[in-house]
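Chemist: Protein sequence lines correspond, in order, to chains E and Y. Following our numbering, the numbering of the first sequence begins with 2 at its first residue and continues without gaps. Following our numbering, the numbering of the second sequence begins with 2 at its first residue and continues without gaps. Note that the Cβ used here is the ideal one computed from N, Cα and C, for glycine as well. Dumping the structure here so I can ask a few things about it.
Number of protein chains: 2
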Amino acid sequence: MVAEAQALASARLIGIDWGSTGLRAFLIGADGLALVERATAQGASTVSGAEAYAAVLDEAAGDWMRARPELPVLACGMVGSQYGWVDVPYATCPADAQALAAGMRGTPDGKACIVPGLLKDGDGLPPDLMRGEETQIVGALQLRPELREQACIVLPGTHSKWAQVRGGRVERFATHMTGELYAVLRQHSVLGRLMQAPQDGGGFDEAAFCEGVEMARDAGHLGMSHQIFSARSLGVTGRMPSSALADYLSGLLIGHELRAGLEWRADATLDHAPLALVGSPALCARYQLALQRYSGVRALVLDNTAPAGLLCLAQAAGLVAKENAA
Amino acid sequence: MVAEAQALASARLIGIDWGSTGLRAFLIGADGLALVERATAQGASTVSGAEAYAAVLDEAAGDWMRARPELPVLACGMVGSQYGWVDVPYATCPADAQALAAGMRGTPDGKACIVPGLLKDGDGLPPDLMRGEETQIVGALQLRPELREQACIVLPGTHSKWAQVRGGRVERFATHMTGELYAVLRQHSVLGRLMQAPQDGGGFDEAAFCEGVEMARDAGHLGMSHQIFSARSLGVTGRMPSSALADYLSGLLIGHELRAGLEWRADATLDHAPLALVGSPALCARYQLALQRYSGVRALVLDNTAPAGLLCLAQAAGLVAKENAA
């Protein structure tokens with residue numbers, strides 16, 4: 002990060018990562034890194050109607066837009082959904098940066114462009130969807146060119162995505178509702194009743210987390226809806242302290258994601274291709290630990306790749322000139 | 002059902018099935034069937050303290066107890082949990098009616114006895130728990146003696162139980178949180194947003210339900226937390242009408258229960274032993290349909306077996322004399 006005036010002078014793009022529950026605005030430099038970052042809680046699920054979207058964008062980045070009116074503004078995420086600012090139709094897998102750039106749509110006020118989400122379809126299974134993660138994947142391939150030929154990219158989160166990349170294109174992907182399952186089970190199911198509130202629990206209980214991961218690995222055939230009940234039975238019988246139950250449940254759910262995801266990866270003959278984790282450092286660290294416990298695999302870890310993805314897509318769309326010396 | 006005065010005269014036992022969310026009181030005849038049944042919403046999760054429990058029991062069955070003060074009162078379910086009326090320690094698998102009867106405890110006022118729950122333990126896996134279902138299993142074995150030698154008994158519900166019976170004993174069992182998962186996902190997750198409210202949906206969408214069951218059977222290795230997201234992606238893409246999404250999700254979740262449960266049953270070499278469904282007719286019909294779609298298996302279906310179980314346990318405990326001509 003640099004002083005904002007200096008960043009503003011050298012920025013190539015104003016990028017917005019606008020998900021359901023929050024918005025992050027970036028001044029992005031020629032190298033695809035964020036020079037300045039701002040965050041608000043005004044996610045797409047809290048905004049309705051074109052005027053309201055324009056007002057939120059103005060609040061988040063209007064000063065940058067007025068100071069550098071020639072700078073393009075590119076947004077990704079749920080802002081492009083049917084309940085967002087503009088309903089941007091999904092691009093279809095396989096898709097690369099060029100295909101995503103071709104699917105961008107402008108906002109009604111002409112002040113910003115929005116990246117399409119990605120649809121996986123046509124393989125005889127139900128369709129799958131992402132909005133926002135496609136931009137992070139493009140960014141990961143930009144920052145780590147060795148992933149372009151062949152890779153399995155995992156973006157952990159509320160709705161984790163496992164994406165298969167070949168030749169710079171996202172060939173297919175699968176969503177796992179791991180983060181949302183953890184949240185609803187903890188807040189709304191019988192499993193949460195024995196658990197301490199997060200602020201009471203002290204730190205992360207690594208042993209309990211790993212026990213959950215290993216339980217999913219070794220006895221996952223008994224079913225996830227069976228195994229999660231042990232986060233109650235171990236508490237009721239006093240075998241596990243209540244302070245450990247939440248991390249145990251987290252380990253079980255992430256373990257089941259790995260169980261299915263690693264088999265999916267093997268099916269895609271990606272066993273020997275790099276495995277990369279893209280997301281917040283804390284969540285990636287949790288997945289890295291789970292991966293090592295589950296199978297000894299070590300993933301490459303990348304932090305926020307959305308700025309690099311937004312710049313790459315802006316260049317692919319001709320909104321920003323490509324530079325030789327980036 | 003018969004007229005209440007006549008039922009009262011011929012009853013052998015006052016039985017109470019007292020779960021977390023409700024209470025059912027029965028006048029039980031010599032054949033183990035309910036002569037009269039009453040239901041209230043005063044489940045154990047709504048009652049606290051011995052006096053309050055005694056008052057709820059008095060409200061539900063006090064008139065019967067005063068009219069026939071010599072009639073024993075036997076209760077099962079969460080009323081015997083650590084947050085219930087009396088904390089009745091779990092009996093441990095393998096257990097038969099005699100072992101359960103030996104574990105009963107009286108209430109502080111001496112007016113009722115409570116059946117212990119059942120603990121599965123010692124197999125190297127986390128423990129598992131039931132309270133109330135053990136009584137229904139005893140009742141099923143009483144009403145259908147052909148199940149005693151060897152059977153797999155499935156009790157669908159909020160927390161479904163799969164129990165393995167051999168020689169009249171419950172050898173082991175496994176809980177699946179299927180019903181609770183459906184409820185929390187529908188009410189609190191992103192999946193519920195596209196679904197119509199139950200009252201709008203018209204009837205049961207059998208085709209969508211069966212599609213969910215078959216998806217779990219044919220592609221369940223992709224993981225439950227992945228597959229449930231299709232209850233969103235099929236709606237967003239317009240492939241499935243919103244009126245069908247709830248039953249599709251139900252089919253997916255029950256399909257995953259069958260996927261794990263039928264493998265568990267095969268592990269227990271119960272493939273050729275009878276499979277029985279015990280529970281409400283509507284839920285059993287849904288599971289029967291799912292079983293047939295999943296594997297062509299047809300289960301024996303039993304309605305409420307708690308009264309027969311309570312009478313059998315009262316007899317095993319010597320609270321009620323066994324009759325030769327029941």
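Using the rule of at least 16 other Cβ atoms within 10 Å of the residue's Cβ for burial, across every protein chain shown, is P70 of chain E buried or exposed?
Modeler: exposed
Chemist: Check the Cβ of E258 of chain E against every Cβ in chain Y and list those closer than 9 Å, keeping chain order.
Modeler: Result: G224, S226, H227.
Chemist: Whose Cβ in chain Y lies nearer than 7 Å to the Cβ of E5 of chain E?
Modeler: Within chain Y, no residue comes near E5 of chain E; the closest Cβ sits about 36 Å away, beyond 7 Å.
Chemist: Please list, in chain order, all residues of the same chain as S243 of chain Y whose beta carbon is under 8 Å from its beta carbon, the five residues on each side excluded.
Modeler: L195, M196, Q197, G236
Chemist: List the residues of chain Y that S190 of chain E touches, going by C-beta distances under 7 Å, in chain order.
Modeler: Near S190 of chain E (Cβ distances below 7 Å), the residues of chain Y are E181, V185.
Chemist: Go ahead and label H160 of chain E buried or exposed: buried means 16 or more other beta carbons lie within 10 angstroms of its beta carbon, across all protein chains shown.
Modeler: buried
Chemist: Pull up the CB-CB distance for D124 of chain Y and R67 of chain Y, whole angstroms please, since I reckon it's below 8 Å.
Modeler: Not really, about 47 Å apart at Cβ, beyond 8 Å.
Chemist: Tell me whether R299 of chain Y is buried or exposed, calling it buried when 16 or more other Cβ atoms sit within 10 Å of its Cβ.
Modeler: exposed
Chemist: For chain E, find out if any of its Cβ atoms is closer than 7 Å to the Cβ of H177 of chain Y; answer yes or no.
Modeler: yes
Chemist: Closer than 7 Å, CB to CB, is F210 of chain Y near chain E or not?
Modeler: no
Chemist: Run through chain Y and tell me which residues come within less than 9 Å of P128 of chain E, C-beta to C-beta.
Modeler: S231, S234, L235, V237, T238, R240
Chemist: Expressed to the nearest angstrom, what Euclidean distance is found between the alpha-carbon atoms of A184 of chain E and E150 of chain Y?
Modeler: Taking the straight line from one Cα to the other gives about 43 Å.
Chemist: Strictly below 8 Å CB to CB, what residues from chain Y border L254 of chain E?
Modeler: Neighbours of L254 of chain E in chain Y, taken as residues at a C-beta separation under 8 Å, are given in chain order as S226.
Chemist: Return helix, strand or coil for A152 of chain E, following the three-state DSSP convention.
Modeler: strand
Chemist: Residues in its own chain within less than 6 Å of C114 of chain E by CB, not counting five upstream and five downstream?
Modeler: For C114 of chain E, where only same-chain residues beyond five positions count, the Cβ hits under 6 Å are L75, M105, G107.
Chemist: Could you please give the first and the last residue of the uninterrupted beta strand (DSSP E) stretch that includes G16 of chain E?
Modeler: 14-19
Chemist: Which residues does DSSP list as the beta-bridge partners of H177 of chain Y?
Modeler: In DSSP, H177 of chain Y forms a bridge with Y:S161.
Chemist: Would DSSP call V302 of chain E helix, strand or coil?
Modeler: strand
Chemist: Tell whether a beta-carbon distance below 7 Å holds between G20 of chain Y and M79 of chain Y.
Modeler: In contact: G20 of chain Y and M79 of chain Y (Cβ atoms closer than 7 Å).
Chemist: With a cut-off of 8 Å on the beta carbons, I'd call L130 of chain E and Y91 of chain E a contact; round off their distance for me.
Modeler: 7 Å
Chemist: Would the stretch 308-319 of chain E and the stretch 41-51 of chain Y be scored as touching if the rule is three or more Cβ pairs under 8 Å?
Modeler: no
Chemist: Run through chain Y and tell me which residues come within less than 8 Å of A40 of chain E, C-beta to C-beta.
Modeler: Residues of chain Y passing the Cβ test: none, with the nearest at roughly 22 Å.
Chemist: Can you round the beta-carbon distance between A269 of chain Y and Q165 of chain Y to whole angstroms, since I take them to be within the 8 Å contact cut?
Modeler: Right, the Cβ-Cβ distance comes to about 5 Å (below 8 Å), so this counts as a contact.
Chemist: First and last residue of the beta strand (DSSP E) that includes L278 of chain Y?
Modeler: 276-279
Chemist: So which of E:W163, E:A61, E:A98, E:Q7 has the shortest CA-CA distance to M178 of chain E?
Modeler: E:W163
Chemist: Going by C-alpha to C-alpha distance, which of E:G50, E:R132, E:A141 sits closest to D110 of chain E?
Modeler: It is E:G50.
Chemist: Residues of chain E with CB under 9 Å from R265 of chain Y, in chain order?
Modeler: Per the sequence shown, residue 265 of chain Y should be read as Trp rather than Arg. Near W265 of chain Y (Cβ distances below 9 Å), the residues of chain E are H222, L223, G224, H227.
Chemist: When Cβ atoms are compared, which residues of the stretch 155-172 of chain E fall closer than 8 Å to chain Y?
Modeler: H160
Chemist: Under 8 Å Cβ-Cβ, which residues of chain E neighbour A300 of chain Y?
Modeler: Simply none; closest approach about 18 Å.
Chemist: For A26 of chain Y, is the beta carbon positioned less than 6 Å from some heavy atom of the ligand SAM?
Modeler: Ligands in the displayed structure: none, and consequently the ligand SAM is not present.
Chemist: Spell out the partners DSSP gives F1 of chain Y in its beta bridges.
Modeler: Residue numbering for chain Y in the displayed model covers 2 to 327; residue 1 of chain Y lies beyond these limits and cannot be assessed.
Chemist: Under 7 Å Cβ-Cβ, which residues of chain E neighbour A291 of chain Y?
Modeler: Residues of chain E passing the Cβ test: none, with the nearest at roughly 14 Å.
Chemist: Please classify K121 of chain E: is it buried, with 16 or more other beta-carbons within 10 angstroms of its beta-carbon, or exposed?
Modeler: buried
Chemist: Would you call the stretch 281-298 of chain E in contact with the stretch 249-258 of chain E, where contact means no fewer than 3 C-beta pairs closer than 8 Å?
Modeler: yes
Chemist: Which residue from Y:P73, Y:S11, Y:S226 puts its Cα closest to that of I229 of chain E?
Modeler: Y:S226
Chemist: What is the DSSP secondary structure of L271 of chain E, counted as helix, strand or coil?
Modeler: coil
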